[in-house]
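The sequence shown: position 84 = 84 (our numbering), numbered continuously.
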Amino acid sequence: MLLGDVFQVKSGLVVARKKMVGKDNAKYKHKQLNLRSINRSGYINSEYLEDLQTDEIISNDYLTSVGDVIIRLSEPYTAVYISKEYENLVITSNFAVIKSTNEYNSEFLAYYLNGDYAKKQLYSSMQGSIVKSIGISAVEKIDLPEITKNKQMLFAKLTKALTNKLKIIEKINNYEQKLLKNIIDKMSNK
Numbered sequence: 001m002l003l004g005d006v007f008q009v010k011s012g013l014v015v016a017r018k019k020m021v022g023k024d025n026a027k028y029k030h031k032q033l034n035l036r037s038i039n040r041s042g043y044i045n046s047e048y049l050e051d052l053q054t055d056e057i058i059s060n061d062y063l064t065s066v067g068d069v070i071i072r073l074s075e076p077y078t079a080v081y082i083s084k085e086y087e088n089l090v091i092t093s094n095f096a097v098i099k100s101t102n103e104y105n106s107e108f109l110a111y112y113l114n115g116d117y118a119k120k121q122l123y124s125s126m127q128g129s130i131v132k133s134i135g136i137s138a139v140e141k142i143d144l145p146e147i148t149k150n151k152q153m154l155f156a157k158l159t160k161a162l163t164n165k166l167k168i169i170e171k172i173n174n175y176e177q178k179l180l181k182n183i184i185d186k187m188s189n190k
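Here it is in structure tokens:
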């Protein structure tokens, strides 16, 4: 079964067409995803979300909603599951949005897309010499495992727990690096 047979896959918004140059005139303010905001471990790092100011409402087609899966269209092709916490973020053209269905568990899909088998399929569809990217059709052609929805949910719970652990470890590592830098800076400024 192919991903495109089960899910609807769309491209993100070309932000340059909506972005306000003079921010004083902007009527609407949104947070938008960017390449840095998607961590390689498969979660959104909200520190890197950018502000987008527009003079018109962004269509819901380009805003994240619970159950969506967002996948980078450039290396490393990381996918993230959208939970309640990350609703209504603008999806830029750097990403594809995979809209949820009842036939397949979206959270499981996000973790599956970050696995070696799915990545290998995406790497075989790469285009470009400097920035390696893929198109929507490459995402739609990913071969999905045919497993029961109960097993999908179990795998999703397990993988979510491990991803949360990785997130905590990465935060601790960042804090320790900052602490080390501060200690060295204090020693240097006798």
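Ideal placement from N, C-alpha and C gives every residue a C-beta, glycine not left out.
Would you tell me roughly how many angstroms separate the C-alpha atoms of residue i and residue j, rounded to the nearest one?
i	j	result
G42	Y123	17 angstroms
N174	K167	11 angstroms
R17	L180	43 angstroms
E170	N39	10 angstroms
S65	N164	20 angstroms
I183	T148	52 angstroms
D185	Q121	47 angstroms
D5	K178	47 angstroms
D143	N189	58 angstroms
K29	T92	15 angstroms
S83	A110	12 angstroms
Considering only residues of the same chain and omitting the five flanking positions on each side of residue i, which have a CB-CB separation below 6 angstroms?
i	result
Q152	N105 and F108
V9	A96, I98, I136, V139 and E140
K31	L49 and L89
Following a CB-centred definition, is residue i positioned closer than 7 angstroms to any heavy atom of the ligand GTP?
i	result
K149	For the ligand GTP, the structure offers nothing, since it holds no ligand at all.
Can you tell me which of the three DSSP states residue i falls into?
i	result
N39	strand
E47	helix
Restricting to runs no shorter than 4 residues, where is the alpha helix (DSSP H) found entirely within the segment 74-154?
106-113, 116-123 and 136-140
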